[in-house]
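Be aware that the sequence shown starts at 1, since it is given in full-length UniProt numbering, and climbs by one per residue.
Yeah, the Cβ is synthetic: ideal placement off N, Cα and C, and Gly gets one too.
Have a look at the structure below, then the notes.
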Amino acid sequence: MTAAETVPRGGGVRPDRRAYGPRHRWVVLAVGVGAQAAFAAMFSGIPVTGVSMRAGYHLSTEALGLVLACLGLGVAASDIVWGLLTDRFGDRRVLLTGLSATGALLAVMAVAVTPPDGAGVALLALCLALAGALGGSVNGASGRAVMTWFAEGERGFAMSIRQTAIPVGGAVGVALLPWLAGSYGFRAAYAVPAAFCLAAAAATWRWLHEPAPPDPGTGPAAPASGARPRGGAAPRPEVADDRSPLRRWDVWRLALAGALLTVPQFAVLSFTAIFLHDVKGEGATLAGITVVIAQLGGGAARIWTGRRTDRTGARRTHIRAIGVLAALAMAGAAALTDAPTPLTVTALALGGLLANAWHGVAYTEIAAMAGASRAGAALGLLGTTLFAMGFLTPLLIPMVIAHTSWAAVWGLAAAASLLAVPLAPGEARARR
Numbered sequence: 001m002t003a004a005e006t007v008p009r010g011g012g013v014r015p016d017r018r019a020y021g022p023r024h025r026w027v028v029l030a031v032g033v034g035a036q037a038a039f040a041a042m043f044s045g046i047p048v049t050g051v052s053m054r055a056g057y058h059l060s061t062e063a064l065g066l067v068l069a070c071l072g073l074g075v076a077a078s079d080i081v082w083g084l085l086t087d088r089f090g091d092r093r094v095l096l097t098g099l100s101a102t103g104a105l106l107a108v109m110a111v112a113v114t115p116p117d118g119a120g121v122a123l124l125a126l127c128l129a130l131a132g133a134l135g136g137s138v139n140g141a142s143g144r145a146v147m148t149w150f151a152e153g154e155r156g157f158a159m160s161i162r163q164t165a166i167p168v169g170g171a172v173g174v175a176l177l178p179w180l181a182g183s184y185g186f187r188a189a190y191a192v193p194a195a196f197c198l199a200a201a202a203a204t205w206r207w208l209h210e211p212a213p214p215d216p217g218t219g220p221a222a223p224a225s226g227a228r229p230r231g232g233a234a235p236r237p238e239v240a241d242d243r244s245p246l247r248r249w250d251v252w253r254l255a256l257a258g259a260l261l262t263v264p265q266f267a268v269l270s271f272t273a274i275f276l277h278d279v280k281g282e283g284a285t286l287a288g289i290t291v292v293i294a295q296l297g298g299g300a301a302r303i304w305t306g307r308r309t310d311r312t313g314a315r316r317t318h319i320r321a322i323g324v325l326a327a328l329a330m331a332g333a334a335a336l337t338d339a340p341t342p343l344t345v346t347a348l349a350l351g352g353l354l355a356n357a358w359h360g361v362a363y364t365e366i367a368a369m370a371g372a373s374r375a376g377a378a379l380g381l382l383g384t385t386l387f388a389m390g391f392l393t394p395l396l397i398p399m400v401i402a403h404t405s406w407a408a409v410w411g412l413a414a415a416a417s418l419l420a421v422p423l424a425p426g427e428a429r430a431r432r
């Protein structure tokens, strides 16, 4: 094997123009961030168009909940499959396929699945489910790229940066898509995220490559960066377990805890606009500001927790702590439902921020538990549980509203966060 050849994960040797050394890991991270942000702009932005979507497509609140839930259903149904395909064929092929297909689908929606085209609930729900299923490819593929290129001492930081692309890209979508839908219609609201996905696919084609192969006789290659945790601590070795991550209860515990922590995230993301419109008489602007604060604040918190856990290794402790804090914030939102609007909005923004803060640490931990060679399957499992809850939450909330109140909605989100705390495996179990 020459220095100008790289080994695709699907097996075999393919020629390349150059070998990509350790510094290229930051380029790979940037590509992963772009891919994740492009999908997040669509995934987070479309639900915040809920008021315009409900009026334009003539939907009831229950039908709107079903339509929005299909985004999460699509990701949940496909994420494990994408993860297994990533382990088999590699990050580059999966990202190119998923991003290109998502961009093409959104372009078709811009042309033929808008209110002037007479699109109904069934067609809209189907298209959003497909968009989620195709776009979900970015979760495992970009995460496995980070695991491949970064060593243990930098993985938490790198994965948190990648995960921060979700709230940052989501904030762009939240700020942009409701305005586009209200001012220019849903053709523009679908065309812009289509362009984002196609641009991310082009960046993937140009810059996402494999690490340089090891020199002959040196043994298996280490992750590209070779970094060690700050403070002199030795990197924590990956768990030596030959079982598939899909057959390990500790991996499932972390994935299910993440699903419970997702409830307040999707509650704030999907229904803040409806709550403020129906209960407080506010327009989409205040809802957009609330969700953007939650998204951007959550992104900053992800980076902080990633850097901190690279030093301490206590990822699971941080996940549990965030669960407690998110439960307290959402309980505050429940108690303040009928309070003056600034107080209610503050509690919702804080709850949404905390509900967005744990993802980078959880994705890093579950990938490390599985090992780099099986990280795609583990990341796919986490994505499946998260987005399955993302499907169920928008379906459940209208039922809760119909039979109880909005205070019960935010209280349910608080309870889910609190239940995640004992379910997440502790640090002592991880060391054993």
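Top-ranked residue by Cα proximity to residue i, from the options
i, options, result
"ARG315", "THR285, THR364, TYR190, GLN295", "THR364"
"GLY258", "ALA388, GLY351, CYS70, LEU84", "ALA388"
"GLY56", "ALA37, GLY182, ALA165", "GLY182"
"LEU106", "LEU130, LEU276, VAL28", "LEU130"
"TRP410", "THR344, LEU392, GLY376", "THR344"
"GLY83", "GLY390, THR309, LEU381, ALA191", "LEU381"
"MET159", "VAL67, VAL108, THR309", "THR309"
"THR285", "ALA420, ALA69, LEU176", "LEU176"
"ALA35", "MET53, MET109, ILE161, ARG23", "ILE161"
"THR272", "GLY32, SER44, TRP26", "SER44"
"ASP338", "TRP406, VAL172, GLY132, ILE303", "TRP406"
"GLN163", "LEU59, PRO178, GLY143, VAL172", "GLY143"
"VAL121", "TRP179, ASP87, LEU412, LEU68", "LEU68"
"ALA191", "VAL168, ALA41, VAL324, SER52", "ALA41"
"ILE366", "ALA294, ALA195, ILE319, LEU325", "ILE319"
"ILE322", "TRP304, TRP207, CYS70, ALA378", "TRP304"
"VAL81", "ILE397, ALA420, ALA375, PHE391", "ALA375"
"VAL94", "ARG54, VAL113, GLY32, PRO115", "GLY32"
Whether residue i touches residue j by CB criterion (8 Å)
i, j, result
"GLU427", "THR317", "yes"
"ALA125", "THR384", "no"
"GLY98", "VAL138", "yes"
"ALA327", "LEU256", "no"
"LEU254", "ALA424", "yes"
"LEU296", "ALA329", "no"
"ASP79", "ALA141", "no"
"GLY185", "GLN265", "no"
"ALA145", "VAL28", "yes"
"GLY153", "LEU395", "no"
"LEU96", "ALA201", "yes"
"ALA101", "LEU134", "yes"
"VAL174", "VAL292", "yes"
"LEU260", "ALA416", "yes"
"TRP348", "VAL268", "One detail in the question is off: residue 348 reads as Leu in this sequence, not Trp. Yes; because the gap between Cβ atoms is below 8 Å, this pair is in contact."
"PHE150", "ARG307", "no"
"MET109", "CYS127", "yes"
"ALA38", "ALA199", "yes"
"LEU276", "ALA287", "yes"
"ALA194", "GLY136", "no"
Per-residue DSSP class, three states only, for residue i
i, result
"ASN139", "helix"
"ARG248", "coil"
"GLU238", "Unreliable placement is indicated for GLU238, whose pLDDT of 46 sits below 50; the coordinate value is still reported in the next sentence. Three-state result, GLU238: coil."
"VAL279", "coil"
"GLU210", "coil"
"ASP338", "coil"
"THR385", "helix"
"GLY185", "coil"
"ARG23", "coil"
"PHE150", "coil"
"THR114", "coil"
"TRP410", "helix"
"ARG228", "Confidence is the limiting factor: at ARG228 the pLDDT is only 44, short of 50, which leaves the residue's position unreliable and the question unanswerable from this model."
"TYR57", "coil"
"TRP82", "helix"
"GLY426", "coil"
"TRP358", "coil"
Exposure label - residue i; buried when at least 16 CB within 10 Å
i, result
"PRO15", "Caution applies to PRO15, whose pLDDT of 41 falls short of 50 and renders its modelled position unreliable; the value that the coordinates give is listed next. It is exposed - the Cβ of PRO15 has fewer than 16 other Cβ atoms within 10 Å."
"THR404", "exposed"
"GLY298", "buried"
"PRO245", "buried"
"PRO422", "exposed"
"residue 444", "Nothing can be reported for residue 444: it is not among the residues displayed for the chain, which extend from 1 to 432."
"ASP117", "exposed"
"SER373", "exposed"
"TRP249", "exposed"
"HIS58", "exposed"
"GLU210", "buried"
"ARG243", "exposed"
"GLY281", "exposed"
Minimum Cβ-Cβ distance from residue i to chain D less than 8 Å
i, result
"LEU379", "Within the model displayed, chain D is absent; a lone protein chain is all it includes."
Examine the Cβ distances between the segment 48 to 58 and the segment 352 to 372 and report whether three or more of them are shorter than 8 Å. no
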